[in-house]
Each structure stands twice: as C-alpha cells, then as structure tokens.
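Colleague: In the working numbering, the protein residues as written are 1 to 274.
All C-beta atoms in this analysis are idealised placements derived from N, C-alpha and C, irrespective of residue type, glycine included.
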Amino acid sequence: MFLVFIYSALIIVPFISVSTEASIAERTKFSKDLASKKRNFRVFVDPGHGGVDAGATSQTIKESDITFDIAQELVTLLSKGSVSVSTQISHAENEYVAPEQRLQRAQKFKADILISIHVNWSKDLTAKGMEIYFQNQLPPDQDSLYLAHRESELGHKGVENHNLPSANLLPTVVSTEVRAIIGDLFKNQQLYQSSRLAIALKKNWQGQSPVRSIRQLPFIVVSYPEIPSVLVEVGFLSHTEEFKLLTSPSYQKRVAKNLFDGIIHYYENEIMDK
Ligand SMILES: [Zn+2]
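#1: Do phenylalanine 30 and serine 84 come within 8 Å of each other at the CB atom, strictly closer than that value?
#2: Verify whether the separation of the beta carbon atoms of isoleucine 214 and isoleucine 199 is less than 8 Å.
#3: For asparagine 94, which residues in the same chain have their Cβ closer than 6 Å to its Cβ, ignoring the five residues on either side in sequence?
#4: Check the C-beta distance from valine 222 over to isoleucine 70 and give it rounded, since I have them as a contact under 8 Å.
#5: Examine ligand 1 and report whether any of its heavy atoms sits within less than 7 Å of the Cβ of glycine 48.
#6: Which same chain residues, not among the five before or five after isoleucine 264, have their C-beta less than 7 Å away from its C-beta?
#7: Grouping DSSP H, G and I as helix and E and B as strand, with all else coil, what is leucine 103?
#8: Looking only at its own chain, which residues have a Cβ that is under 7 Å from the Cβ of threonine 87, when we skip the five neighbours before and after it?
#9: So for glutamate 233, helix, strand or coil by DSSP?
#10: According to DSSP, simplified to helix, strand and coil, what is glutamate 26?
#11: Output the distance between the C-alpha atoms of arginine 196 and methionine 272, rounded to the nearest integer angstrom.
#12: Under a three-way DSSP split, which group does isoleucine 214 fall into?
#13: For asparagine 188 and valine 230, I'd like the C-alpha separation in whole angstroms.
#14: Restricting to Cα atoms, I'd like to know which of Pro218, Leu201 and Glu241 is closest to glutamine 208.
#15: Measure from the alpha carbon of glutamate 63 to the alpha carbon of each residue in Asp261, Asn269, Leu259 and Phe236, then state which is nearest.
#16: In three-state DSSP terms, what is serine 195?
#17: Rounding to the nearest angstrom, what Cα-Cα distance links tyrosine 7 and serine 36 in this structure?
#18: Taking the Cβ atom as the reference point for each residue, do proline 228 and serine 194 lie within a distance shorter than 8 Å?
#19: Near phenylalanine 15, what residues of its chain come up, given a Cβ to Cβ distance below 6 Å and the 5 sequence neighbours on each side ignored?
#20: Based on Cα-Cα distance, which residue from Phe243, Gly55, Lys244 and Leu259 lies nearest to valine 232?
#21: Indicate the three-state DSSP secondary structure (helix, strand or coil) for glycine 50 in the structure shown.
#22: Report yes if the CB atom of valine 119 is closer than 8 Å to the CB atom of valine 211, and no otherwise.
#23: Considering only their Cβ atoms, is the gap separating glutamate 73 from lysine 253 smaller than 8 Å?
#24: What number of angstroms, rounded off, separates the C-alpha of threonine 126 from the C-alpha of alanine 25?
#25: How is the beta strand (DSSP E) around histidine 265 delimited, first residue to last?
#26: Who are the near neighbours of glutamate 270 in its chain, counting only those whose CB is closer than 6 Å to its CB and skipping five residues on each side?
#27: Throw me the rounded Cβ distance for the glycine 280 and lysine 203 pair, which I believe falls under 8 Å.
#28: In the DSSP assignment, find the beta strand (DSSP E) that holds glutamine 88 and state where it starts and stops.
#29: Excluding sequence positions up to five away, which residues of its chain have a Cβ less than 6 Å from the Cβ of valine 13?
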C-alpha cells in the first residue's frame with residue numbers, strides 16, 4: 001500500500017476579521033429570514049483536496065476522487081430534497097483550491113453551513129469509522145494535531161504554531177471591550193451551532209462502522225467564525241474493508257445520503273422556527 005501525505009494547512013487564519021455590530025445585525029436578520037423560510041438554506045459543500053493535492057492515496061485510489069464523488073452526490077440530494085436549499089461546491093473536479101480560498105468562496109456564497117468531506121488514513125490498520133471535527137478554540141490534543149498536519153493542504157508553512165489561543169481568531173481590530181464581548185458571544189453561538197451540526201451528522205450516520213469521535217480541531221476550512229462548519233472523515237482508506245466500501249459508488253451514495261439526512265436534521269431542529 002502506498003501513501004502520499006501532502007502537508008500543510010493547519011491552523012491560524014490571519015485574514016479573518018472580527019464581526020462588527022453592523023455585520024452581526026445583518027447576519028441576525030439573514031438568519032431570521034432563513035428561519036421564517038424567506039430564503040433558501042445555503043449549504044457550502046467542500047470535497048477535501050483536489051488537483052495537485054490528492055490527499056491520502058492508497059494503491060491507485062486518491063482521496064480527492066472519493067471526496068468529490070460523495071460531494072457531488074450530496075449536492076444532488078440537497079437540490080432534490082423537500083427543503084429549499086442552495087448549494088455551492090468549493091471547487092471543480094481536479095481543481096486545486098487553497099483552504100483560505102475555499103473559505104472566501106463560502107463567505108461570498110453567504111453559506112449557512114459548511115461541510116468539508118475527507119477520507120481518513122491511519123498507521124493503525126484496524127482503525128475504522130467516521131470522525132467529525134468542528135471549529136477549535138482550545139489547544140488541540142496530539143492526535144488531532146497529527147491529523148491536522150496530515151490533512152493539511154499545499155501552501156502550509158509548517159506546524160510550529162500548535163497553540164491556537166482564541167485571540168488568534170479575534171485579531172487586533174477589536175477596538176472596544178463591548179465590541180469584543182459582542183464578537184465573542186456571536187462567535188460562540190456559531191461555535192455552538194457547529195457542534196449541533198456535528199451531533200446531527202452523528203445521529204444520522206449509518207455507515208458500516210460507527211462514529212468514532214466528535215472533536216475540535218483548527219483546520220482552516222472550518223475555522224471561519226461566522227459559518228457553522230464541520231469536517232467529516234467518512235472512513236479509513238487504510239482499513240481493508242473500508243477501502244473496498246469507500247471505492248464503491250453504492251457506498252459513496254450511502255455516505256452522501258447519511259450526510260444529507262444529518263444536514264436536514266440540523267436544519268429542522270436548529271434553524272427552523274419552532
Ligand atoms: Zn483529507
């Protein structure tokens with residue numbers, strides 16, 4: 001079995017600016033419009049890797065091919081479902097897009113949620129099942145750091161900055177204490193929503209193996225504080241059985257359906273007016 005790691009994209013997201021009161025008010029109205037069905041639910045789907053960044057590879061199989069197929073199926077399901085959803089996929093097949101650019105595309109799209117789809121790999125060949133990650137404000141544990149290191153994409157400067165104090169997500173433009181508090185509350189709300197999305201995905205997961213964990217980790221692609229975001233690792237390419245499943249179109253469709261069910265569960269339970 002042959003594996004390629006392309007290291008990169010941990011961590012700090014320097015271009016993120018803190019929410020101002022005006023942008024918070026705008027965002028709040030945007031959320032209310034969604035809850036009262038005045039507009040579509042906007043889902044940004046990010047197939048992990050792409051182009052020169054294949055992600056994990058095993059034999060001739062590339063992670064980027066699997067994630068793109070699942071993402072496309074998910075977009076199809078979302079556009080056919082009973083909920084009014086607008087979708088955007090982060091990049092074309094075989095296109096490399098840096099994590100920061102993916103986030104910028106999600107922002108421009110005004111995404112309500114972001115889901116980044118990946119396939120796992122481990123030196124422990126018995127490791128199997130799904131892992132779900134969402135935004136991080138805490139120093140990550142060593143296992144998570146290893147994964148972030150591995151999952152990183154091109155252009156990363158290294159993994160020296162292991163600590164991710166919350167100050168790095170609320171940079172220096174904070175000029176008043178009140179604004180900082182508002183920004184913190186808003187960010188925490190989005191962080192909470194990310195955790196709710198992660199839980200909804202876990203509840204609706206019916207893959208071959210169960211969800212192993214839900215954890216926080218500073219992947220760039222899930223670190224934008226105004227968009228509830230999760231990164232899912234839908235199985236292990238390094239596990240013999242899961243390798244067969246993940247490369248099968250029928251199982252990829254099953255994975256996409258589980259993700260779809262989780263997203264709709266989140267929409268119905270966390271967004272809609274009760
Ligand atoms: Zn990946």
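Modeller: Reading off the structure:
#1: What you label residue 84 is simply residue 84 of the sequence shown in a count that begins at 1. What you label residue 30 is simply residue 30 of the sequence shown in a count that begins at 1. Going by C-beta atoms, serine 84 is not nearer than 8 Å to phenylalanine 30.
#2: Position 214 of the sequence shown, counted from the start, is the residue given in the question as residue 214. Position 199 of the sequence shown, counted from the start, is the residue given in the question as residue 199. Yes.
#3: Taking the first residue of the sequence shown as position 1, residue 94 is located at position 94. Answer for asparagine 94: Gly51, listed in chain order.
#4: For this step, residue 222 is matched to residue 222 along the sequence shown. For this step, residue 70 is matched to residue 70 along the sequence shown. With 8 Å as the limit, valine 222 and isoleucine 70 do not qualify as a contact, their Cβ atoms being about 17 Å apart.
#5: Here residue 48 is taken as the residue at index 48 of the sequence shown, counted from 1. Glycine 48 Cβ: within cutoff of ligand 1.
#6: In the sequence shown, residue 264 corresponds to position 264, counting from 1. Within the same chain, isoleucine 264 has close Cβ partners Gly81 and Val83.
#7: What you label residue 103 is simply residue 103 of the sequence shown in a count that begins at 1. Here leucine 103 sits in helix by DSSP.
#8: As a working mapping, residue 87 is identified with position 87 in the sequence shown. Once the five neighbours on either side are set aside, the close Cβ partners of threonine 87 are Val43, Val45, Val75, Leu78 and Ser79.
#9: Within the sequence shown, residue 233 is the residue found at index 233, counting from 1. Reduced to three states, the DSSP call for glutamate 233 is strand.
#10: Here the question's residue 26 lines up with position 26 in the sequence shown. Correct three-state label for glutamate 26: helix.
#11: If you number the sequence shown from 1, residue 196 lands on position 196. If you number the sequence shown from 1, residue 272 lands on position 272. Cα to Cα, arginine 196 sits roughly 14 Å from methionine 272.
#12: Along the sequence shown, read from residue 1 onward, the residue named residue 214 stands at position 214. Strand, per DSSP.
#13: Taking the first residue of the sequence shown as 1, we reach residue 188 at position 188. Taking the first residue of the sequence shown as 1, we reach residue 230 at position 230. Going by the C-alpha atoms only, they are around 15 Å apart.
#14: Translated into the one-based positions of the sequence shown, residue 208 becomes position 208. The shortest C-alpha separation from glutamine 208 is found at Glu241.
#15: Looking up residue 63 in the sequence shown gives position 63. The shortest Cα separation from glutamate 63 among Asp261, Asn269, Leu259 and Phe236 belongs to Phe236.
#16: Residue numbering aside, residue 195 sits at position 195 when the sequence shown is read from its first letter. Residue state, collapsed to three classes: helix.
#17: Taking the first residue of the sequence shown as 1, we reach residue 7 at position 7. Taking the first residue of the sequence shown as 1, we reach residue 36 at position 36. Note that tyrosine 7 has pLDDT 32, beneath the 50 cutoff, so the model's placement of it is unreliable and the number below is only indicative. Cα to Cα, tyrosine 7 sits roughly 43 Å from serine 36.
#18: Counting from 1 along the sequence shown, the entry for residue 228 is found at position 228. Counting from 1 along the sequence shown, the entry for residue 194 is found at position 194. Against a cut-off of 8 Å, the Cβ pair of serine 194 and proline 228 comes out as a contact.
#19: Taking the first residue of the sequence shown as 1, we reach residue 15 at position 15. Because phenylalanine 15 carries a pLDDT of 39, less than 50, the predicted location of this residue cannot be relied on, and the following value inherits that uncertainty. Same-chain partners within the cutoff: there are none.
#20: As a first step, residue 232 must be located in the sequence shown, where it is residue number 232. Of the listed residues, the one whose Cα sits closest to valine 232 is Leu259.
#21: Within the sequence shown, numbered from 1, the residue matching residue 50 stands at position 50. Strand at glycine 50.
#22: The residue given as residue 119 occupies position 119 in the sequence shown. The residue given as residue 211 occupies position 211 in the sequence shown. No.
#23: Residue numbering aside, residue 253 sits at position 253 when the sequence shown is read from its first letter. Residue numbering aside, residue 73 sits at position 73 when the sequence shown is read from its first letter. Against a cut-off of 8 Å, the Cβ pair of glutamate 73 and lysine 253 comes out as a contact.
#24: Taking the first residue of the sequence shown as position 1, residue 126 is located at position 126. Taking the first residue of the sequence shown as position 1, residue 25 is located at position 25. Rounded to the nearest angstrom, the two C-alpha atoms are 49 Å apart.
#25: By 1-based counting over the sequence shown, the position of residue 265 is 265. Segment 249-266 is the alpha helix (DSSP H) holding histidine 265; no beta strand (DSSP E) there.
#26: If you number the sequence shown from 1, residue 270 lands on position 270. Excluding sequence neighbours, glutamate 270 sits near Arg196.
#27: In the structure as shown, the chain begins at 1 and stops at 274. Residue 280 is therefore absent and cannot be evaluated.
#28: In the sequence shown, residue 88 corresponds to position 88, counting from 1. First-last of the beta strand (DSSP E) with glutamine 88: 85-89.
#29: To locate residue 13, count along the sequence shown from 1; it is residue 13. The pLDDT assigned to valine 13 is 40, lower than 50, so where the model puts this residue is not dependable, and the model offers no usable value.
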